[in-house]
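Presented below is the structure to which this report refers.
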Amino acid sequence: MSASGNNAGANQPEEPQPHPVLEQLTGVQYCVNSPPPFLETLILGFQHYVLSLGSIVLIPSMTVPQMGGSDKEKAKVIQTLLFVSGVNTLFHSLFGTRLPVVIGGSYAFLIPVTTILRSRRYQMIQQPEERFAQTMREIQGTLIVTSCFQMIIGFIGLWRNIIRLFSPLSMIPLVLFTGLGFYHLGFPLIAQCVEVGIPELLFMIFISQYLPRFIKLKRPICDRFSVLFSVSIVWIYAGILTWSGAYHKPSKDSCRTDRSGLITGAPWIYVPFPFQWGPPTFRAREIFATVMASFVASAESTGVYLAAARYGSATPVPPSVISRGIGWLGIGTLLNGLFGSVTGSAATAENAGLLALTKAGSRRVVQISAAFMIFFSFLGKFGAIFAAIPLPIMGAIYCICFGYVASVGLGFLQFCNLNNFRTKLVLGFSLFIGLSLPQYFREYHLHSMTGPVHTHATWFNDIICVIFMSHVTVAAIVALVLDCSLPHGSDGAHKDNGAYWWERFMVYNKDLHEPIATIQSHIEEDNVAYSDIHTSMEHSQGLSTPNFEGDSTTKKHLGFFKSSAEGKKVSGKSGSFIGKKRQ
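In the numbering used here, the protein residues as written are 549 to 1131.
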């Protein structure tokens, strides 16, 4: 009778189990502290450099012509922004968060910058060169003052105190919209030239996802270098169409590979230097809006930090490390103001998504890309050749990379209780408002070139537009306020937002993890208690004692702490432990 009962129990199908919660992402082949071989690092760094050119070229192309600058001035601004971005990326990887993030230009500063260049005092200047120089000098002054705000909130620790209020639940909208908030840089850029953008998108997906199934190689060549392969193919294809005269109409300038005079306007050798357009000027009214833009850029960069840490197989970033990174963003904005690069600094989301595509989250790769930025910023003609890559090609890459960043925010759902109605309200309402409200402001601004708030103070109107046109800022504020203010239904409901998973990463003055010996002793104690319980259950119910050494959860946590303790600690009171290379 007992034998038949045992056979019946053995034939029962195994109950499905939920996926384990992972504080460190598996599958990353090169973590933050484990650089690839030198040649591979060199190619990966060049790939990050090519991807960073999208925002570095797009922002000056949108602003410099309105300032009165010619192709020569635009090329110099692009070289300056490229140089400063390389220096900021290098500083950030060495002294900031020390995560594999690329520091580039921020789109959040475009609204106050546009207000400055459209002001009547500069529109009355007849000479285009003089108008460009005067406008640039005022933009430099506002960026210099704004950088002090970022450095204060970062280095003093004010940003750290804000980040400590966030739980995994309230972090979901912040990181999610760090990727989805740039939707206007995805398919709208592809639509400017579909005959170039669509092939790039298809080639990217095919080379990175499908081709490795047909071509078996010892090393992941196709998916790791898919950006270079696809860009090379489509760029040559676009060049053939350009040289054959297919894009002679002005409406097809986005398809051209010569980028309307960018290569001819760039000097052969040019070394950016501070105050190259004269001493900066300062006006108090415009500074308020740029300060708010730096706040928005800091929020967006926080989401990039979390995504880069995830794809670098690092533990969750402590608030002190994020705050230090914001302080170094302030130094980056200061350098932007000193050299004159039109906009402030922010961590680029597209490069964080590229970490996921290549599965190489090494800091060394980003440092090599910074070296490429600095090198090509001096060689104007050669840098302009790569900067002339059609923007629809970049838009196709953005569709994939921004999607990877958004998926990090969705990944934080694993820490939350999705069966709780409080969780559903915080998540659903913040996501909807984060989509709806900025979209209303954006459409209003596109039609009237002003926001829906009309006062006599232009700087106040710009502040409102900067805040509410940012999907990241709106969604994060709504989620944080609801998560901190809504009452909990029961004593154990405070775990529903997943905060208890990140508690040990929020400390001020002690290491994040106990030594391995202490962890192992705790596990052994739990093992004894666990075995005693199941031994008693075995005698009472006929159950077998499980093999704790082979328990997957125990192995996961033990491996997590080992990789964390063996990794290199990031400087700061609450350092982040980074795992070694995964075999």
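The beta-carbon is built from N, C-alpha and C at its ideal position, and this holds for glycine as well.
CB of residue i within 7 angstroms of CB of residue j, strictly
i	j	result
Y818	R804	no
S600	G652	yes
F725	A1023	yes
A786	P568	no
S539	R708	The chain is shown only over 549 to 1131; residue 539 falls outside these bounds and no answer can be derived.
T838	T694	yes
S893	P721	no
I1011	M840	yes
Y578	S910	yes
I738	A936	no
P676	G616	yes
A862	V580	yes
V913	L592	yes
F836	W1049	no
T998	D1044	no
L759	C741	no
E825	M699	In the sequence under discussion, the amino acid at residue 825 is Trp, which differs from the Glu named in the question. No, the pair does not count as a contact, with Cβ atoms beyond the cut-off.
N969	G1046	Per the sequence shown, the amino acid found at residue 969 is Phe instead of Asn. Taking 7 angstroms as the Cβ cut-off, F969 and G1046 do not qualify as a contacting pair.
T1021	V844	yes
T637	E834	no
Integer Cβ distance of residue i from residue j, believed to fall under 8 angstroms
i	j	result
K1204	L927	Since the displayed the chain opens at 549 and closes at 1131, residue 1204 lies outside it and no answer follows.
V598	F934	6 angstroms
T891	I607	5 angstroms
L941	W783	Note that residue 941 is Ile in the sequence shown, not Leu. Yes, they are in contact, since the Cβ atoms of I941 and W783 sit about 7 angstroms apart, within 8 angstroms.
H1019	L966	22 angstroms between Cβ atoms; not a contact.
A954	G727	3 angstroms
I755	S778	6 angstroms
R772	T906	5 angstroms
G860	L902	Rounded, the Cβ-Cβ distance is 12 angstroms, inconsistent with contact.
D619	T812	7 angstroms
F735	C947	7 angstroms
Outcome for residue i when other beta-carbon atoms lying within 10 angstroms are tallied against a minimum of 16
i	result
N899	buried
E1051	exposed
Q565	exposed
H596	buried
K624	buried
S518	The shown model of the chain, from 549 to 1131, leaves out residue 518, and the question about it has no answer.
S846	buried
H1004	exposed
E562	exposed
Q671	exposed
S582	buried
Q560	exposed
P986	buried
S654	buried
P820	buried
Where residue i falls: helix, strand or coil (DSSP)
i	result
G931	helix
A837	helix
A681	helix
I879	helix
A814	coil
A1005	coil
S871	helix
S609	helix
S667	coil
Y795	coil
A936	coil
I651	strand
S718	helix
S996	helix
S984	helix
S893	strand
Problem set entry | Inter-stretch contact at 8 angstroms, needing at least 3 Cβ pairs: the region 639 to 654 / the region 856 to 869 | The region 639 to 654 and the region 856 to 869 touch, with no fewer than 3 CB-CB distances between them shorter than 8 angstroms.
Exercise. Below 8 angstroms, can you find three or more Cβ-Cβ pairs linking the region 625 to 633 to the region 880 to 891?
Worked result: With a cut-off of 8 angstroms, the region 880 to 891 and the region 625 to 633 count as touching, because enough Cβ pairs lie within range.
Exercise. Does the region 1003 to 1018 come close enough to the region 823 to 830 to have 3 or more Cβ pairs within less than 8 angstroms?
Worked result: The region 1003 to 1018 vs the region 823 to 830: no contact.
Exercise. Is it a yes or a no for the region 712 to 721 touching the region 1019 to 1029, going by three-plus beta-carbon pairs under 8 angstroms?
Worked result: Verdict: yes, contact present.
Problem set entry | Three or more C-beta pairs below 8 angstroms linking the region 867 to 874 and the region 584 to 594 | Counting C-beta pairs with one atom in each stretch, the region 867 to 874 and the region 584 to 594 have fewer than three that are closer than 8 angstroms, which means they do not touch.
Exercise. Can we say the region 735 to 754 touches the region 957 to 968, given the rule of at least three CB pairs closer than 8 angstroms?
Worked result: Because the criterion of three Cβ pairs below 8 angstroms is not met, the region 735 to 754 and the region 957 to 968 do not touch.
Exercise. Is the region 717 to 736 in contact with the region 910 to 922, if contact means three or more CB pairs nearer than 8 angstroms?
Worked result: Contact between the region 717 to 736 and the region 910 to 922 is absent, because fewer than three Cβ pairs lie under 8 angstroms.
Exercise. Would you call the region 905 to 920 and the region 872 to 884 touching, i.e. three or more CB-CB distances under 8 angstroms?
Worked result: Flag = no, the region 905 to 920 and the region 872 to 884 do not touch.
Problem set entry | Meets three-Cβ-pair contact criterion under 8 angstroms: the region 974 to 992 and the region 670 to 683 | The region 974 to 992 vs the region 670 to 683: no contact.
Problem set entry | the region 665 to 675 in contact with the region 839 to 853 per 3-pair CB rule at 8 angstroms | They do not touch, by the three-pair rule.
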